[in-house]
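**Student:** Going by my numbering, the first residue of the sequence shown is number 357, and it counts up by one from there. I'd like to ask some things about the structure below.
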Amino acid sequence: MEITLEILAILFVVATVAGFIDAMAGGGGLLTLPALLAAGVPPTQALATNKLQSSFGSFSATWYFVRNGIVSIKEMRFAIICTFIGSAIGAELVQYIDASLLTSVIPLLLIAISLYFLLAPPTTVSKGKQKISEAMFALCIGGGVGFYDGFFGPGTGSIFTVCFVVIGHFSLVDATARTKVLNFTSNIAALIFFILAGLPIWELGLVMAVGGFMGAQLGAKVVVTKGQKWIRPLVIVMSMLMASKLLWEQHQQSILSLF
């Protein structure tokens, strides 16, 4: 494909908006991945390039939350390790297993997440103790969701957030901050495998990374200042949009065959 200034400018803007949204509610890939495909990037390279740029966005949000004392890397170190290993395994296995096996389950999971945030009472402070130990949470949630992100990906941020809220009893702001730490971890683990395979298109990925970094900084700031007022609606909207997109992709051929 030919990389023009126009394509770079459009992808920069898309990545900036996606970084802003992703820092608060996840789902930024819903914008960036289709944009890369529309620009003529082959699917496998689009996935790899998207991981490259999203790693910068998730790092930006993580850095903001850590710098402002919202989350402690030291306290999350075991969850970070489990998430990294899970994502690395997922990124390796996706080369041998059909990822479409998950596409029937994920839209339903995303719809359930959006319904939870729509119907559940507001969570502004931590309530009680975690339903499982921190070590078990790190192994099951960090490792499991990390594996899913390396293997497939859509909705990872929303899944992490709802696990931190429902199982970990964190406030939505704290859950979002912890989500970005683990999201960045899983992004980096998967990206390493894509780089080793020589898949990312660096010119596109780095330009988008600058936009994603800027957008994520602004989004993280909104999380801290506006909190639940903005996060809940965005989680609901992005989860439903991702579910709708996945369902449409699953049934597109059968629908089009009717006409």
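Idealized CB from N, CA, C, for every residue including glycine. Note that the structure is predicted; figures quoted are calculated from it, not measured.
Alpha carbon to alpha carbon, how far is A572 from S416? Give it in angstroms, no decimals.
**Tutor:** Position 60 of the sequence shown, counted from the start, is the residue given in the question as residue 416. Position 216 of the sequence shown, counted from the start, is the residue given in the question as residue 572. Distance between the alpha carbons of S416 and A572 is about 6 Å.
**Student:** Using beta-carbon positions only, say whether S410 and G385 come within less than 8 Å of one another.
**Tutor:** Here residue 410 refers to the residue found at position 54 when the sequence shown is read from its first residue. Here residue 385 refers to the residue found at position 29 when the sequence shown is read from its first residue. Taking 8 Å as the Cβ cut-off, S410 and G385 qualify as a contacting pair.
**Student:** Terminal residues of the continuous alpha helix (DSSP H) containing G413?
**Tutor:** Taking the sequence shown and counting its residues from 1, one reaches residue 413 at position 57. Its alpha helix (DSSP H) spans residues P399 to R423.
**Student:** Assuming F434 and V427 make a contact with CB atoms under 8 Å, what is their CB distance in whole Å?
**Tutor:** Within the sequence shown, the letter at position 78 stands for residue 434. Within the sequence shown, the letter at position 71 stands for residue 427. Their Cβ separation, rounded to whole angstroms, is 14 Å, which puts F434 and V427 out of contact at 8 Å.
**Student:** Report the residue from T388, G499, C438 and A379 whose alpha carbon sits nearest the alpha carbon of W419.
**Tutor:** As a first step, residue 419 must be located in the sequence shown, where it is residue number 63. Out of T388, G499, C438 and A379, A379 has the C-alpha closest to the C-alpha of W419.
**Student:** Check whether the Cβ atoms of S514 and G382 sit closer than 8 Å, and answer yes or no.
**Tutor:** The residue given as residue 514 occupies position 158 in the sequence shown. The residue given as residue 382 occupies position 26 in the sequence shown. Cβ atoms of S514 and G382: closer than 8 Å.
**Student:** Between which residues of its own chain and F540 is the CB-CB distance below 8 Å, once the five residues before and five after are set aside?
**Tutor:** On the sequence shown, residue 540 is found 184 positions in, with the first residue counted as 1. Result list for F540: S411, S414, F415, A417 and T418, in chain order.
**Student:** Could you spell out where the alpha helix (DSSP H) holding K582 opens and where it closes?
**Tutor:** Within the sequence shown, numbered from 1, the residue matching residue 582 stands at position 226. Element bounds for K582: W558 to K582.
**Student:** Of the choices N406, E358 and P399, whose alpha-carbon is the least far from that of V370?
**Tutor:** Sequence index remark: in the sequence shown, residue 370 carries index 14 (1-based). Cα-wise, what sits closest to V370 is N406.
**Student:** In chain order, what residues of the same chain have a beta carbon less than 6 Å from the beta carbon of A395, not counting five sequence neighbours either side?
**Tutor:** As a working mapping, residue 395 is identified with position 39 in the sequence shown. If we look at A395 and ignore the five residues flanking it on each side, its Cβ neighbours are I363.
**Student:** State the DSSP-derived secondary structure class of Y504, mapped to helix, strand or coil.
**Tutor:** For this step, residue 504 is matched to residue 148 along the sequence shown. If DSSP states are grouped into helix, strand and coil, Y504 belongs with the helices.
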